[in-house]
Amino acid sequence: MKLPGAQVPGNFKLWIVMMEITVRLYGLLGKNVAGHDSLKGMMVEMPEGSTVRDLIAYLSIPREKVGIASVDGSLAKETRVLTAGNFVRLYRPISGG
Amino acid sequence: MKFLKVDMSSQTIAATDVPEAYAGLGGRGLTSIMINNEVPPTCDPLGPENKLIIAPGFLTGTSLVNSSRLSIGAKSPLTGGIKESNVGGTVAADLGHLGITAIIVEDKPADSEALYLLKIDAEGNAALLDGAAYKGLRTYELVRQLKAAHGEKNSITCIGPAGEFLLTGSSIQTTDADGRPCRAAGRGGLGAVMGAKGIKAVIVDRGGKSTDPLADANVFKECAKRYAKAVRDDEGTEDLAQLGSAFLVAPINAVGAFPTRNAREGQFEGAEKISGETMAEVIKKRGGINAHMGCAQCIIRCSNEYVDEKGDYVTSSLEYETIWSMGGMLGNDDLDSIARLDFLCDDIGLDTISTGVAVAVAMDAGYKPFGDGQAAIDMVEAVAEGTEMGKLIGNGPAAVGQHFNHDRVPVMKNQSMAAYDPRALQGMAVTYATTPMGGDHTAGWVVADNIAEWGGKLDPFAAEGQVENSRNSQLHMAVVDTVGICDFAQSGFGAGLDNVCKMVAAKLGKPFGEDDWAALGKRILKAELDFNRKAGFTKADDRLPKMFYEEPLPPHNKVVVISDEDMDSTWDI
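Spelled out as structure tokens, the structure:
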């Protein structure tokens, strides 16, 4: 999946350095995300400096639908800045007993 | 509204009105308050003085969704304290439709080999029948034979060989919406109490038409409608339908609270292979059923039917706690063997949590290697065979630990913890240690509150606020288990606690508000704590095994930090 708007129209070209990230969506988070495999996840390209919050927005997932996130196996806050090659896992809020 | 009192020494049954002392109660509130009033706390749990009380929730039998919950109470042979074990299926709704508030089984037959069936017909008439022909049967075969003899349209609540052997890890199984004995009142070893009473099965006609009248049917209907809408509108409902409670495997593993290899680690490297996502895919691919309806009046459908590679039935329902106890806890990433173990426990009549943790302790002690699913299957089969090892496994983790002289035994009041490590979720340390039920997650599930990174209000590694939060959860859950609402349908409280209180009032015929809800929670907990105190429990019993205080749990490398003083303040109510 390519991020639209990597170039801005007009005479000036703004080049944004992109990075590849793997994201896996758990529960039903990936249900409406094109290209997401429920067991393998998907690759996305995002501008360097993007955060977990940016990733959630980019995937068009309402923020409140995400309950927990991890980056490379460690819990992460939504302000966590991502780097190339990160494996991000997003989980639904939990309830139960 | 009536009690069925079953005297097993004379094999007589009496239907009586519900005494004023128990008016307005159902489920756990009724079983616990009655046990505290009527069962001698120091009695032998398998002796004649103990009572086995089977009570649907106060709202069970009404039109309220997800309210087919049954409380089974007794003095527990596992913990030595008071016990309420909660189960779904269809029997609770059926008892509600017969206007039966509780079945109270008292005393025991003089002949310890005698075995009976308790049969309740569509008019609510009860009879004890000779059950000798069913002795030793596993639950699936038992149900097949009982349905052939008594008709398909019956709910059957029964014990397997483990209950007959009086093992303290034995369950009471009950049939689901498809008539399979796959729903378990697993905790506390109550199958042994039923076995000691000489009852193999309770057969309840599904066609009762004597539901208790409602004092205000219109108000009830409106509130029930609002409740159902809140459940339907909750987004978690769809997760539960598609993945079942197994949706918890991935996030609990992610937060490092998934006890692995007898709680030596908090994350399992094989979790992806046994996650809810994987399970749902396997079931779908093989032609099994996700989003299966297991309980009467359920609109969530968290159940499933797990099938083998040929598409043949293996078990229903494969759930989070069992995937943990037979999976992560054993270092076993083979979903097929986990499903087989789930079936075996249902068939033999064993608590999957207690049994899985018992196997984990045996593996930790070096009896068999972690990760060996077949060894686990052999150990569980040994329970039905009645071998010495089988007796140990069937008596739970503490018995296994004692046999191997192994002290890494994750039990509280002798009952195994569930699938949340208290070192990574300090709130669960409080619940496990202080609930009168012994290690039990449903008594006060404070997991979400402890996921601080993403909106949980408490630091999962700190003591601050944990006691108060667990206490409040435990008081609330005592009433949820009294009215008979499914844990997973608590999303319906999104329509307001007052909405639920109005339903209680609409049945009671007198005001019942949020203050009454809170007061009832305290009344129940006080009765349970009082019973345990008289049975000999002290504050020293409200502690965790030392492994949780001394062994840091990877990956966070934390231990339980709740002080004894804090634990002791939990029940200053």
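Quick note, the sequences are listed as chains A and B, same order. Residues 6 to 102 in the numbering used here are what the first sequence spells out, letter by letter. Residues 3 to 575 in the numbering used here are what the second sequence spells out, letter by letter. Glycine included, every Cβ here is placed at the ideal spot set by N, Cα and C.
Short of 9 Å Cβ to Cβ, which residues in the segment 69 to 82 of chain A face chain B?
Residues 69, 70, 71, 72, 73, 74, 75, 78, 79, 80, 81, 82.
Curious, which full-length alpha helix (DSSP H) runs of at least 4 residues does the segment 302 to 382 of chain B contain?
You should have 322 to 327, 337 to 350, 354 to 366.
Have a look at residue 265 of chain B and residue 357 of chain B and give me their C-alpha separation to the nearest angstrom.
In the second sequence, residue 265 of chain B corresponds to position 263, counting from 1. In the second sequence, residue 357 of chain B corresponds to position 355, counting from 1. Distance between the alpha carbons of residue 265 of chain B and residue 357 of chain B is about 15 Å.
In chain order, which alpha helix (DSSP H) runs of at least 4 residues are fully inside the segment 508 to 569 of chain B?
Correct list: 516 to 536, 548 to 552.
From what residue to what residue does the beta strand (DSSP E) around residue 45 of chain B run?
The residue labelled residue 45 of chain B in the question sits at position 43 within the second sequence. That residue, residue 45 of chain B, is in no beta strand (DSSP E); it is neither H nor E in DSSP.
Could you confirm whether any beta carbon from chain A is found closer than 8 Å to the beta carbon of residue 326 of chain B?
Residue mapping note: residue 326 of chain B aligns to position 324 of the second sequence, counting from 1. No, its Cβ sits nowhere closer than 8 Å to a Cβ of chain A.
Residues of chain B with CB under 7 Å from residue 99 of chain A, in chain order?
One-based indexing of the first sequence puts residue 99 of chain A at position 94. What residue 99 of chain A touches in chain B: 250, 253, 449, 450.
If distances are taken between C-alpha atoms only, which option among B:319, B:3, B:518 comes closest to residue 308 of chain B?
As a working mapping, residue 308 of chain B is identified with position 306 in the second sequence. Nearest option by C-alpha distance: B:319.
For residue 286 of chain B, name the three-state secondary structure that DSSP assigns.
Here residue 286 of chain B corresponds to residue number 284 of the second sequence, with the count starting at 1. Three-state DSSP puts residue 286 of chain B in a helix.
For residue 280 of chain B, which residues in chain A fall below 7 Å Cβ to Cβ?
Locating residue 280 of chain B in the second sequence gives position 278, counting from the first residue. Neighbours of residue 280 of chain B on chain A, chain order: 44.
Is the separation between the beta-carbon of residue 101 of chain B and that of residue 3 of chain B shorter than 8 Å?
In the second sequence, residue 101 of chain B corresponds to position 99, counting from 1. In the second sequence, residue 3 of chain B corresponds to position 1, counting from 1. Yes. Within cutoff.
Return the CA-CA distance between residue 140 of chain B and residue 17 of chain B, expressed in angstroms with no decimal places.
As a working mapping, residue 140 of chain B is identified with position 138 in the second sequence. As a working mapping, residue 17 of chain B is identified with position 15 in the second sequence. So the alpha carbons of these two residues sit roughly 31 Å apart.
In terms of residue numbering, what span does the alpha helix (DSSP H) encompassing residue 18 of chain B cover?
What you label residue 18 of chain B is simply residue 16 of the second sequence in a count that begins at 1. Residue 18 of chain B -> not in any alpha helix (DSSP H); beta strand (DSSP E) instead, spanning 14 to 19.
For residue 396 of chain B, which residues in the same chain have their Cβ closer than 6 Å to its Cβ, ignoring the five residues on either side in sequence?
Indexing the second sequence from 1 puts residue 396 of chain B at position 394. Excluding residues within five positions, the ones whose Cβ falls inside 6 Å are 164, 169, 171, 385.
For the beta strand (DSSP E) holding residue 231 of chain B, just list the boundary residues, first then last.
Mapped onto the second sequence, residue 231 of chain B falls at position 229. Per DSSP, residue 231 of chain B belongs to no beta strand (DSSP E); it is in the alpha helix (DSSP H), 219 to 235.
With 8 Å set as the bound, which would you pick, yes or no: does the beta-carbon of residue 257 of chain B sit closer than that to a beta-carbon of chain A?
Your numbering for residue 257 of chain B matches position 255 in the second sequence. Yes, residue 257 of chain B counts as interfacial toward chain A.
Suppose only complete runs of 4+ residues qualify. What are the alpha helix (DSSP H) ranges in the segment 419 to 498 of chain B, listed by chain order?
Runs found: 428 to 436, 468 to 485.
If I'm right that residue 83 of chain A touches residue 57 of chain A with Cβ under 8 Å, what's the distance once you round it to whole angstroms?
Mapped onto the first sequence, residue 83 of chain A falls at position 78. Mapped onto the first sequence, residue 57 of chain A falls at position 52. Confirmed, about 5 Å.
I'd like the span of the beta strand (DSSP E) that includes residue 276 of chain B, first residue to last.
To locate residue 276 of chain B, count along the second sequence from 1; it is residue 274. Run containing residue 276 of chain B: none; DSSP gives neither H nor E here.
Look up residue 394 of chain B in the DSSP assignment and say whether it is helix, strand or coil.
Locating residue 394 of chain B in the second sequence gives position 392, where the first residue counts as 1. Residue 394 of chain B falls in the helix class under three-state DSSP.
Apart from the five residues just before and just after residue 288 of chain B, which ones in its own chain have a Cβ nearer than 6 Å to its Cβ?
Position 286 of the second sequence holds residue 288 of chain B. Result list for residue 288 of chain B: 309, 313, in chain order.
What does a CB cutoff of less than 6 Å around residue 267 of chain B pick up in its chain, not counting 5 residues either side in sequence?
The residue labelled residue 267 of chain B in the question sits at position 265 within the second sequence. So the list reads 556, once near-sequence residues are dropped.
With distances taken between CB atoms, is the gap from residue 111 of chain B to residue 200 of chain B smaller than 8 Å?
Position 109 of the second sequence, counted from the start, is the residue given in the question as residue 111 of chain B. Position 198 of the second sequence, counted from the start, is the residue given in the question as residue 200 of chain B. Yes, the pair counts as a contact, with Cβ atoms nearer than the cut-off.
Could you compute how far the alpha carbon of residue 94 of chain B sits from the alpha carbon of residue 217 of chain B?
Within the second sequence, residue 94 of chain B is the residue found at index 92, counting from 1. Within the second sequence, residue 217 of chain B is the residue found at index 215, counting from 1. Spanning the two alpha carbons is a distance of roughly 21 Å.
Beta-carbon within less than 8 Å of residue 399 of chain B's beta-carbon, same chain only, minus the 5 sequence neighbours each way: which residues are those?
What you label residue 399 of chain B is simply residue 397 of the second sequence in a count that begins at 1. 356, 359, 360, 362, 363, 411, 412, 413, 418, listed in sequence order.
Sort out for me which residues DSSP pairs residue 52 of chain A with in a bridge.
What you label residue 52 of chain A is simply residue 47 of the first sequence in a count that begins at 1. Answer is A:23.
Between residue 213 of chain B and residue 28 of chain B, how many whole angstroms is the CB-CB distance? I'm expecting something under 8 Å.
What you label residue 213 of chain B is simply residue 211 of the second sequence in a count that begins at 1. What you label residue 28 of chain B is simply residue 26 of the second sequence in a count that begins at 1. About 13 Å; that fails the 8 Å criterion.
So which residues of chain A does residue 244 of chain B contact, with C-beta pairs closer than 9 Å?
The count along the second sequence starts at 1 and reaches residue 244 of chain B at position 242. Chain A residues near residue 244 of chain B: 32, 33, 36.
Restricting to Cα atoms, I'd like to know which of B:482, B:427, B:181, B:498 is closest to residue 469 of chain B.
Locating residue 469 of chain B in the second sequence gives position 467, where the first residue counts as 1. The shortest C-alpha separation from residue 469 of chain B is found at B:427.
So residue 94 of chain A contacts chain B; which residues on that side make the cut at Cβ distance below 8 Å?
Within the first sequence, residue 94 of chain A is the residue found at index 89, counting from 1. Near residue 94 of chain A (Cβ distances below 8 Å), the residues of chain B are 252, 256.
Would you tell me roughly how many angstroms separate the C-alpha atoms of residue 65 of chain B and residue 231 of chain B, rounded to the nearest one?
Counted from its first residue, the second sequence places residue 65 of chain B at position 63. Counted from its first residue, the second sequence places residue 231 of chain B at position 229. Taking the straight line joining both Cα atoms gives about 14 Å.
Could you list the residues in the segment 41 to 68 of chain B with a C-beta less than 7 Å from some C-beta on chain A, going in chain order?
From the segment 41 to 68 of chain B, no residue has a Cβ closer than 7 Å to chain A.
Leaving out the 5 sequence neighbours to the left and right, which residues in its chain are closer than 7 Å to residue 284 of chain B when beta-carbon positions are compared?
Indexing the second sequence from 1 puts residue 284 of chain B at position 282. Around residue 284 of chain B: 337.
Can you name, in chain order, every residue of its own chain whose Cβ lies under 6 Å from the Cβ of residue 133 of chain B, other than the five neighbours on each side?
Sequence index remark: in the second sequence, residue 133 of chain B carries index 131 (1-based). Cβ neighbours of residue 133 of chain B beyond the five flanking positions: 117, 118, 119, 202.
My output table needs one value for residue 202 of chain B: the three-state DSSP class, helix, strand or coil.
The count along the second sequence starts at 1 and reaches residue 202 of chain B at position 200. Note: residue 202 of chain B maps to strand in three-state DSSP.
Using the C-alpha atoms, what's the distance from residue 24 of chain A back to residue 343 of chain B?
Taking the second sequence and counting its residues from 1, the one referred to as residue 343 of chain B is at position 341. Taking the first sequence and counting its residues from 1, the one referred to as residue 24 of chain A is at position 19. Those two C-alpha atoms are separated by around 45 Å.
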